[in-house]
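Peer 1:
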Amino acid sequence: MTLKATVNFFSLSVSKCHRKFYQTRLPLPLPKHLVIFGLGDWSHFSQKTSISVDILVNPDIKPQRIGELGPERRCFVWEGAWRVDVLMASFKEVQSGHPFKLLLTVNEPLFNSTPTRPFQALEPSQSPVLPEDAVRGLDEPSEVKSQSSTVTSKKVLAEKKFSPLLEKMLLLPDPKISPTQVEPETRKKTCLPNPVQLNKTRRALFELPAAEGQHESEDLDVKELQVCPSPRWCHAMCLSDPETAVLIGGEGANQQCCKDALWKLEIDSDFWFPMDFPDQDSIAQCSRGHSATYDPDTKRIYIFGGMREGKRYGSIYILDTASWKWLHVSAKGKIPTLAYHSATIYHKELFIFGGAFPKMSSLETGACSNALFIFNPEYEIWYQPIIEGEKPLPRLGHSATLLRNKLLIFGGQKTSTYLNDTHILDLGFMEYTSVPFLSGQPSARSFHAAIPVSDRKVLISGGCNAKGAFRDAFTFHLDTLTWNTVKHADLCSVPRAGHTLLNLTCSHQTDMDKESQGKHNLCMVLVFGGSDRTGRFYNSTSKLQLDLEEVKGASEPPS
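Read left to right, the sequence shown gives residues 185 to 743 (the numbering used here).
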């Protein structure tokens, strides 16, 4: 007898976030055989815990249960028959190119004290608007400081256990209910897309009766719990891996820092959870104008600069995403103290361009900079390279996007003057080149969002000037030095500035890969936060698939 088999292997980490539900996408058509097995330490589960395995083809069709895993049964083989409704739905979905989902549901005893996810007691906060007179001077101060090198590390995640009573009050999913039996609004952990009005009071999700509070005083010392970040702008956000994003800081009402400063987003499941840590004073405390830049080679996030309550920050904080530990580096050399700068990782070094020097005595910013500072993590030293060509004007709130070995600098503002000039810094030759003003170029703006959508093209979204925020988007092609307008109803649905764009498409995708898609130039992006500069601020998280079909034209006026 001859046996033929096609083997596809997929892995899913169940212990990553201590959640009830997990999922992964698999390509259609439906397989004839499935082998499901679990590896690793099951000691954090009780002996009565089981993991149900379901197949979901369409949200409107009830998923099909194919088996269960447990401490005593860590593997099973399924080779049964698919239900007729599941099979018929799969035929329709495969024609559309959609995958099916393998769902895992962790079924734990009702009175298990094991936490389902880490949490932190948080307080509400809202977001302000940057004042027009935030920038005063033009000259770059010469003050720098030198420090000796010391490194300290702190644990980031300190998970708190909570009781079954709190699980009920948090409205966590019932482990006996399948994911598709729960309404989407209950199952989805993302924030509502509606903007939050300034000065609007946020209600606590629950209040504890006195008797219950006495019995659970240690675990339930909570007055408010959020399931997503508070509205903000001028935050920093970056990917730590293709499935995870990290949010740091942001500005709250009346120029106050957001108290819920650190969040992690699991992108595939749209699940936000706060990152707890034992020592609040040991990590970056910048509320606004700082940068967070991920280095894929070292798997570290570099947090630099910013300002909070009139204090200047020139420290480098490093978040190691392999161990989730903080490293505070007190570096040597010329240490800049900047806010609203740009930050880029190139060849394992951190490149900082522009920004404003915060004033010591107030929340306002001081002189603008057009200098380039480089931080070398290996030697923990700052230095300034010699650069040829004409420097761009000093600025803050600009963007600097890395396209191969070129740094594309666009826009920003200098005092009350908004800019829309474009400069290219060749990091190989260390030389500036000014790009002539072109037809269809975006109007002058600052606090826009910019990401590379290929190795030769950048996408720019929103931003603001003295009249308000923009609701437009553009692409700039490095080879042809051309600007093009991007039309997308969701990306340009509201005026937005101070927000974040993340490219969820493969970061190594080249223009040749894009051309293989045919006429479509597809790109998946994530949009978070921002403000329309009229008192409305956002904490929504949107994933948008853009077909970057380009239309030449000028930018739209602010709304």
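The beta-carbon is built from N, C-alpha and C at its ideal position, and this holds for glycine as well. For clarity, every value in this text was computed on a predicted model and none was experimentally measured.
Considering only residues of the same chain and omitting the five flanking positions on each side of residue 708, which have a CB-CB separation below 6 Å?
Peer 2: Position 524 of the sequence shown, counted from the first residue, corresponds to residue 708. Correct list, in chain order: 688, 689, 729.
Peer 1: Since residue 292 and residue 230 are thought to touch, with beta carbons under 8 Å apart, how far apart are those beta carbons, to the nearest angstrom?
Peer 2: Indexing the sequence shown from 1 puts residue 292 at position 108. Indexing the sequence shown from 1 puts residue 230 at position 46. Contact flag correct, Cβ pair sits at about 7 Å.
Peer 1: Following the continuous beta strand (DSSP E) through residue 272, name the residue where it begins and the one where it ends.
Peer 2: Looking up residue 272 in the sequence shown gives position 88. No beta strand (DSSP E) holds residue 272; the alpha helix (DSSP H) holding it covers 268-279.
Peer 1: Below 6 Å CB to CB, which residues in the same chain sit around residue 667 once its five sequence neighbours on both sides are set aside?
Peer 2: Indexing the sequence shown from 1 puts residue 667 at position 483. Counting only Cβ-Cβ distances below 6 Å, and skipping sequence neighbours, we find 622, 624, 625, 658, 660.
Peer 1: In whole angstroms, what separates the C-alpha of residue 710 from that of residue 218?
Peer 2: Along the sequence shown, one-based indexing puts residue 710 at 526. Along the sequence shown, one-based indexing puts residue 218 at 34. Their backbone Cα atoms lie some 33 Å apart in a straight line.
Peer 1: Have a look at 434, 232, 215, 244 and flag the residue whose alpha-carbon is nearest the alpha-carbon of residue 290.
Peer 2: Along the sequence shown, read from residue 1 onward, the residue named residue 290 stands at position 106. Per the Cα distances, 232.
Peer 1: Buried or exposed for residue 613, please, with buried defined as at least 16 other CB atoms from any protein chain shown within 10 angstroms of its CB.
Peer 2: Position 429 of the sequence shown, counting from 1, holds the residue named residue 613. By the 10 Å Cβ count, residue 613 comes out exposed.
Peer 1: To which residues of the same chain is residue 283 closer than 7 Å at the C-beta, ignoring the five residues directly before and after it?
Peer 2: For this step, residue 283 is matched to residue 99 along the sequence shown. Correct list, in chain order: 209, 210, 211, 212.
Peer 1: Nearest CA to the CA of residue 598: which residue from 580, 417, 454?
Peer 2: Translated into the one-based positions of the sequence shown, residue 598 becomes position 414. Considering only alpha carbons, the answer is 580.
Peer 1: Starting from residue 207 and walking both ways along the beta strand (DSSP E), at which residues does that stretch end?
Peer 2: Against the sequence shown, residue 207 aligns to sequence position 23. Here the beta strand (DSSP E) through residue 207 covers 205-210.
Peer 1: Does residue 560 come out as helix, strand or coil in the three-state DSSP assignment?
Peer 2: On the sequence shown, residue 560 is found 376 positions in, with the first residue counted as 1. Reduced to three states, the DSSP call for residue 560 is strand.
Peer 1: According to DSSP, is residue 597 helix, strand or coil?
Peer 2: Taking the first residue of the sequence shown as position 1, residue 597 is located at position 413. Here residue 597 sits in strand by DSSP.
Peer 1: For residue 437, which of helix, strand or coil comes out of DSSP?
Peer 2: Counted from its first residue, the sequence shown places residue 437 at position 253. Correct three-state label for residue 437: helix.
Peer 1: Quick one: grab the DSSP three-state call for residue 513.
Peer 2: Numbered from its first residue, the sequence shown carries residue 513 at position 329. Strand at residue 513.
Peer 1: Is the segment 581-593 close to the segment 602-611, with three or more CB pairs under 8 Å?
Peer 2: yes
Peer 1: Just the C-alpha distance for residue 434 and residue 664, rounded to the nearest angstrom, thanks.
Peer 2: One-based indexing of the sequence shown puts residue 434 at position 250. One-based indexing of the sequence shown puts residue 664 at position 480. For residue 434 and residue 664, the distance between alpha carbons rounds to 36 Å.
Peer 1: Give, in chain order, every unbroken run of the alpha helix (DSSP H) that is at least 4 residues long and sits entirely within the segment 642-722.
Peer 2: For the segment 642-722, whole alpha helix (DSSP H) runs of length 4 or above, ordered along the chain, are 695-699.
Peer 1: Can you give the Cα-Cα distance for residue 524 and residue 220, rounded to whole angstroms?
Peer 2: Here the question's residue 524 lines up with position 340 in the sequence shown. Here the question's residue 220 lines up with position 36 in the sequence shown. Spanning the two alpha carbons is a distance of roughly 49 Å.
Peer 1: Within a Cβ cutoff of 8 Å, which residues of the same chain sit near residue 615, ignoring the five residues on either side of it in sequence?
Peer 2: Taking the first residue of the sequence shown as position 1, residue 615 is located at position 431. Within the same chain, 571, 572, 573, 609 come within 8 Å of residue 615 by CB-CB distance, once the 5 residues on both sides are set aside.
Peer 1: Who are the Cβ neighbours of residue 255 in its own chain at under 8 Å, not counting the five residues just before and after it?
Peer 2: Locating residue 255 in the sequence shown gives position 71, where the first residue counts as 1. The answer, listed in chain order, is 226, 229, 231, 233.
Peer 1: How about residue 484 and residue 561: do their beta carbons lie closer than 9 Å?
Peer 2: As a working note, residue 484 is residue 300 in the sequence shown. As a working note, residue 561 is residue 377 in the sequence shown. A contact, by the Cβ cut-off of 9 Å.
Peer 1: How many Å lie between residue 206 and residue 277 at the Cα?
Peer 2: One-based indexing of the sequence shown puts residue 206 at position 22. One-based indexing of the sequence shown puts residue 277 at position 93. So the alpha carbons of these two residues sit roughly 21 Å apart.
Peer 1: Does DSSP put residue 625 in a helix, in a strand, or in coil?
Peer 2: Taking the first residue of the sequence shown as 1, we reach residue 625 at position 441. In the three-state scheme derived from DSSP, where H, G and I count as helix and E and B as strand, residue 625 is classed as coil.
Peer 1: Using beta-carbon positions only, say whether residue 489 and residue 512 come within less than 9 Å of one another.
Peer 2: Translated into the one-based positions of the sequence shown, residue 489 becomes position 305. Translated into the one-based positions of the sequence shown, residue 512 becomes position 328. Contact flag unset, no.
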